[in-house]
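These protein sequence lines are chains W and V, in that order. Residue 96 in the numbering used here sits at position 91 of the first sequence, and the numbers go up by one each step. Residue 305 in the numbering used here sits at position 48 of the second sequence, and the numbers go up by one each step.
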Amino acid sequence: ETGVTQSPTHLIKTRGQQVTLRCSSQSGHNTVSWYQQALGQGPQFIFQYYREEENGRGNFPPRFSGLQFPNYSSELNVNALELDDSALYLCASSLDLGGLPFTEAFFGQGTRLTVV
Amino acid sequence: GQNIDQPTEMTATEGAIVQINCTYQTSGFNGLFWYQQHAGEAPTFLSYNVLDGLEEKGRFSSFLSRSKGYSYLLLKELQMKDSASYLCAALSGGYNKLIFGAGTRLAVHP
Chain W
6 ETGVTQSPTH LIKTRGQQVT LRCSSQSGHN TVSWYQQALG QGPQFIFQYY REEENGRGNF
66 PPRFSGLQFP NYSSELNVNA LELDDSALYL CASSLDLGGL PFTEAFFGQG TRLTVV
Chain V
258 GQNIDQPTEM TATEGAIVQI NCTYQTSGFN GLFWYQQHAG EAPTFLSYNV LDGLEEKGRF
318 SSFLSRSKGY SYLLLKELQM KDSASYLCAA LSGGYNKLIF GAGTRLAVHP
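1. Ignore the nearest five residues each way along the sequence and tell me which others in Q42(W)'s own chain have a CB closer than 8 Å to its CB.
2. Please classify L330(V): does DSSP put it in a helix, a strand, or coil?
3. Going along chain W, which residues have a C-beta under 7 Å from F317(V)?
4. Consider the Cβ of G113(W): report whether some Cβ of chain V lies at a distance smaller than 9 Å.
5. Are the segment 329 to 338 of chain V and the segment 314 to 321 of chain V touching, with three or more C-beta to C-beta distances below 8 Å?
6. Would a check of beta-carbon distances place E312(V) closer than 9 Å to chain W?
7. Rounded to whole angstroms, what is the Cα-Cα separation between E58(W) and N287(V)?
8. Suppose the cutoff is 6 Å on Cβ atoms and the five residues either side in sequence are ignored; what does the same chain contact list for T268(V) look like?
9. Alpha carbons only, please: which of L86(W), Q53(W), V24(W), R27(W) is nearest the one belonging to N35(W)?
10. Check whether the segment 335 to 345 of chain V touches the segment 22 to 38 of chain W, taking contact to mean three or more Cβ pairs, one atom from each stretch, closer than 8 Å.
11. Can you tell me the Cα-Cα spacing of E271(V) and K354(V), whole angstroms?
12. Taking Cβ positions only, does N353(V) come closer than 9 Å to chain W?
13. Please classify L335(V): does DSSP put it in a helix, a strand, or coil?
14. For A97(W), decide whether its Cβ has a neighbour in chain V, counting only Cβ atoms nearer than 9 Å.
15. Compute the distance between the beta-carbons of E312(V) and Y305(V), then report whether it is under 9 Å.
16. Use the C-beta contact count for L86(W): other C-beta atoms within 10 angstroms, 16 or more gives buried, fewer gives exposed.
17. In the DSSP assignment, the beta strand (DSSP E) including A364(V) goes from what residue to what residue?
18. Take the Cβ of I261(V) as the centre, count every other Cβ of all protein chains shown within 10 Å, and call the residue buried at 16 or more, exposed below.
19. Report yes or no: is there a C-beta of chain W within less than 9 Å of the C-beta of G272(V)?
20. Does the contact criterion of 3 or more C-beta pairs under 8 Å hold for the segment 10 to 23 of chain W versus the segment 69 to 88 of chain W?
21. Within 10 angstroms of the Cβ of I51(W), are there 16 or more other Cβ atoms? Answer buried if so, exposed if not.
22. Check whether the Cβ atoms of Q283(V) and A347(V) lie closer than 9 Å to each other.
23. May I have the straight-line CA-CA distance separating P66(W) from H366(V), to the nearest angstrom?
24. What are the residues in the segment 297 to 311 of chain V lying within 9 Å of chain W by C-beta distance?
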C-alpha cells in the first residue's frame with residue numbers, strides 16, 4: 006500500500022459531460038502529478054501540481070485542468086468528455102525538495118474512466 | 258524529442274533470470290525509474306537509478322548507463338506472480354515529470 010488514494014475507482018460518463026477525479030497524496034509528499042494511461046500503453050504525463058499551482062504540463066488540451074489544496078490533495082477535471090478520454094487516470098505523489106529531482110513517486114490505484 | 262524504448266513482450270520460465278532493456282532519449286535527465294504493473298492495477302515502484310551502476314534489491318536489480326542512455330531491470334528466481342508489465346520511466350525536466358515507455362509484458366510460465 007502506497008498511501009496514495011484515488012476516487013472513484015470506476016466511472017462511466019457520456020460524451021460531452023464533465024468529470025472530476027480526486028487524489029490524496031502520501032503523507033509527507035507535497036507534489037501531485039496526473040497521468041493518463043490508455044489500454045496497452047504507458048502512462049502519459051498530464052500535469053503536475055506543487056504548492057497549489059500547476060508546475061508543468063504535458064501535451065493535453067485546456068479542457069484538462071486541475072487543482073491542488075493546502076493539504077496537498079488534488080483534483081483532475083475534464084470538460085467536454087470525448088470517447089478517446091476513456092483510460093486509467095493515475096495520480097502520483099512525490100516530495101519536491103526545492104526543485105531537486107525526486108527519488109520516489111508512488112501511484113494511487115487509479116480511476117478507470119469510460120466515456121460512452 | 259523525448260523517447261523511451263523497451264521490448265513489447267518477453268517470456269521466461271519460472272526460476273530463471275530475465276533482463277528487460279530500456280533505452281531513453283530525454284532532455285534534462287534526472288534519473289530512471291522502473292515500475293511493475295499488473296493488469297488493471299496501478300504501477301508499483303521497483304527502483305530508481307540516478308548514477309551509473311547497478312542497484313540491487315532482493316530478486317530485482319536495476320542498472321543505468323547515462324552515457325549510453327541505457328538501463329535494464331534484472332529479475333532473478335522468477336515466480337509466476339512476476340507476470341506483469343514492467344514500465345521504464347525517465348525523470349525529465351525542471352519540474353520532474355516521468356516519461357514512460359509503453360511497457361514490457363512479461364509472461365512467466367512453469
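We put the CB at the ideal spot given by N, CA and C, even for glycine. Treat the numbers as computed from the prediction; the structure is a model and nothing was measured.
So, to answer that:
1. Taking the first residue of the first sequence as position 1, residue 42(W) is located at position 37. Hits under 8 Å: P48, Q49, A92, L93, Y94, L95, G115.
2. By one-based count along the second sequence, residue 330(V) stands at place 73. Three-state result, L330(V): strand.
3. In the second sequence, the residue the question calls residue 317(V) occupies position 60. Correct list: empty, because the minimum Cβ distance to chain W is about 15 Å.
4. Working through the first sequence from its first residue, we reach residue 113(W) at position 108. At a cut-off of 9 Å between beta-carbon atoms, G113(W) makes contact with chain V.
5. Short answer: they touch.
6. The residue you call residue 312(V) lines up with position 55 of the second sequence. With 9 Å as the cut-off, E312(V) does not count as an interface residue toward chain W.
7. As a position in the first sequence, residue 58(W) is number 53, starting the count at 1. As a position in the second sequence, residue 287(V) is number 30, starting the count at 1. If you take the alpha carbons of E58(W) and N287(V), they lie about 22 Å apart.
8. Start at 1 with the first residue of the second sequence, and residue 268(V) comes out as number 11. Answer for T268(V): A364, listed in chain order.
9. In the first sequence, residue 35(W) corresponds to position 30, counting from 1. Check the Cα spacing between N35(W) and each of L86(W), Q53(W), V24(W), R27(W): the tightest is with Q53(W).
10. With the cut-off at 8 Å, the segment 335 to 345 of chain V and the segment 22 to 38 of chain W do not touch.
11. The residue labelled residue 271(V) in the question sits at position 14 within the second sequence. The residue labelled residue 354(V) in the question sits at position 97 within the second sequence. Those two C-alpha atoms are separated by around 35 Å.
12. Within the second sequence, residue 353(V) is the residue found at index 96, counting from 1. At least one chain W Cβ lies under 9 Å of N353(V).
13. Looking up residue 335(V) in the second sequence gives position 78. For L335(V), the three-state secondary structure derived from DSSP is coil.
14. As a first step, residue 97(W) is located in the first sequence; it is residue number 92 there, counting from the start. Cβ-Cβ to chain V under 9 Å: yes for A97(W).
15. Reading the second sequence from its first residue, position 55 is the one you call residue 312(V). Reading the second sequence from its first residue, position 48 is the one you call residue 305(V). Against a cut-off of 9 Å, the Cβ pair of Y305(V) and E312(V) comes out as a contact.
16. Along the first sequence, one-based indexing puts residue 86(W) at 81. Per the 10 Å Cβ criterion, buried.
17. In the second sequence, residue 364(V) corresponds to position 107, counting from 1. Secondary structure note for A364(V): its beta strand (DSSP E) is the uninterrupted segment 361 to 366.
18. Mapped onto the second sequence, residue 261(V) falls at position 4. It counts as buried.
19. Translated into the one-based positions of the second sequence, residue 272(V) becomes position 15. Taking 9 Å as the threshold, the shortest C-beta distance from G272(V) to chain W does not fall below it.
20. Using a Cβ-Cβ distance cut-off of 8 Å, the segment 10 to 23 of chain W and the segment 69 to 88 of chain W are in contact, since at least three pairs of beta carbons, one from each stretch, lie closer than that value.
21. Position 46 of the first sequence holds residue 51(W). A buried status is given to I51(W), since no fewer than 16 other beta-carbon atoms sit within 10 Å of its beta-carbon.
22. For the purposes of this step, residue 283(V) is taken as residue 26 along the second sequence, with counting starting at 1. For the purposes of this step, residue 347(V) is taken as residue 90 along the second sequence, with counting starting at 1. The sequence as given places Thr at residue 283(V); Gln does not occur at that position. Here T283(V) is near A347(V), since their CB atoms are less than 9 Å apart.
23. The residue labelled residue 66(W) in the question sits at position 61 within the first sequence. The residue labelled residue 366(V) in the question sits at position 109 within the second sequence. Rounded to the nearest angstrom, the two C-alpha atoms are 42 Å apart.
24. Hits within the stretch, in order: G297, E298, A299, P300, T301, F302, Y305, V307.
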